[in-house]
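S.K.: Right, I'll just put the structure down here and ask away after.
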Amino acid sequence: MSGAEPWEIRFSNSRKRPYFYNSATQESRWEVPDTLANSDLSSLPGAEFLSYAQQPAQAGSSSAGGNGGGNNKVRASHLLVKHSGSRRPSSWRDDNITRTKEDAIDRLKAFEQQLKDSPDLAATFAEIASKESDCSSARDGGDLGYFGRNQMQKPFEEASFALEVGQLSDIVSTDSGVHLILRTA
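What follows is the structure, given as structure tokens:
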């Protein structure tokens, strides 16, 4: 890195909000580190967890679209499969992810078929995500909680807001990897 500290964004399952973590110093903090500009946040590993708590000036500034019944937030769970081209090709499951993007998509297609065959989509999704997702949200069955616009990577946001409650997305590709998304509220 060019002198910048190695910050990333992680998600606190106990507090249901993202936080900043410095992998060099092992420092954790809720607020944006002084060494980072707001414009840098979307390029950090884990940016998909970015919440309105770190973007107070932007809350409600983008109100077009969405199925939020006026509140413009959705709740979703996701199943993330990272690949060697992911922004950060490691996870709680694997320190060094070497699978290709095509292999990651094939894994998701197999999970997608299991989900489509399930009589209880939400329960099966949570079970698969808790065992197979490369995201730390696996501890909560893939649940990301509520989020609004401009808080997730654009393809993830667009897919989440386009879904009806209880609907499963097609495979969505972001800088983090490939995802299946289940809108839950």
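Position 169 of the sequence shown, counted from 1, bears residue number 169 in full-length UniProt numbering, the numbering being contiguous throughout. For every residue, glycine included, the Cβ atom is placed at its ideal position computed from N, Cα and C.
Please classify valine 178 as buried or exposed, where buried requires at least 16 neighbouring CB atoms within 10 angstroms.
M.R.: Burial call: buried.
S.K.: Identify whether threonine 124 lies in helix, strand or coil by the three-state DSSP scheme.
M.R.: Correct three-state label for threonine 124: helix.
S.K.: Given isoleucine 171, which residues of its chain have a CB within under 8 Å of its CB, disregarding the five upstream and five downstream residues?
M.R.: Within the same chain, isoleucine 171 has close Cβ partners Ile105, Leu108, Lys109, Glu112, Val178, His179, Leu180.
S.K.: According to the Cβ coordinates, are serine 77 and leucine 144 closer than 8 Å?
M.R.: Yes, these two residues count as a Cβ contact at 8 Å.
S.K.: Tell me the DSSP secondary structure of alanine 47 in three-state form.
M.R.: Alanine 47 falls in the helix class under three-state DSSP.
S.K.: Please list, in chain order, all residues of the same chain as leucine 121 whose beta carbon is under 8 Å from its beta carbon, the five residues on each side excluded.
M.R.: So the qualifying residues of the chain are Leu115, Gly166, Leu168, Leu182.
S.K.: Considering only the alpha carbon of each residue, which of Glu132, Ile9, Phe125, Glu127 lies closest to asparagine 38?
M.R.: Nearest C-alpha to asparagine 38: Ile9.
S.K.: How many angstroms separate the CA atom of glutamate 102 from the CA atom of valine 81?
M.R.: Going from the Cα of glutamate 102 to the Cα of valine 81 covers about 11 Å.
S.K.: Look at the alpha carbon of alanine 139 and the alpha carbon of serine 130, and state the distance between them as a whole number of angstroms.
M.R.: Sequence inspection shows arginine at residue 139; the alanine mentioned does not correspond to that position. Between arginine 139 and serine 130, the C-alpha separation is close to 6 Å.
S.K.: Give a yes or no on whether the C-beta atoms belonging to tyrosine 146 and lysine 73 are separated by under 8 Å.
M.R.: Yes, Cβ-Cβ distance for tyrosine 146 and lysine 73 is below 8 Å.
S.K.: By how many angstroms is the C-alpha of glycine 148 removed from the C-alpha of phenylalanine 125?
M.R.: Going by the C-alpha atoms only, they are around 22 Å apart.
S.K.: If you draw a straight line from the C-alpha of aspartate 17 to the C-alpha of proline 119, how long is it?
M.R.: Note that residue 17 corresponds to arginine in the displayed sequence, not to aspartate. Arginine 17 and proline 119: Cα-Cα distance of roughly 31 Å.
S.K.: Quick check on glutamine 151: buried or exposed, where buried means 16 or more other Cβ atoms within 10 Å of its Cβ?
M.R.: Glutamine 151 should be labelled buried.
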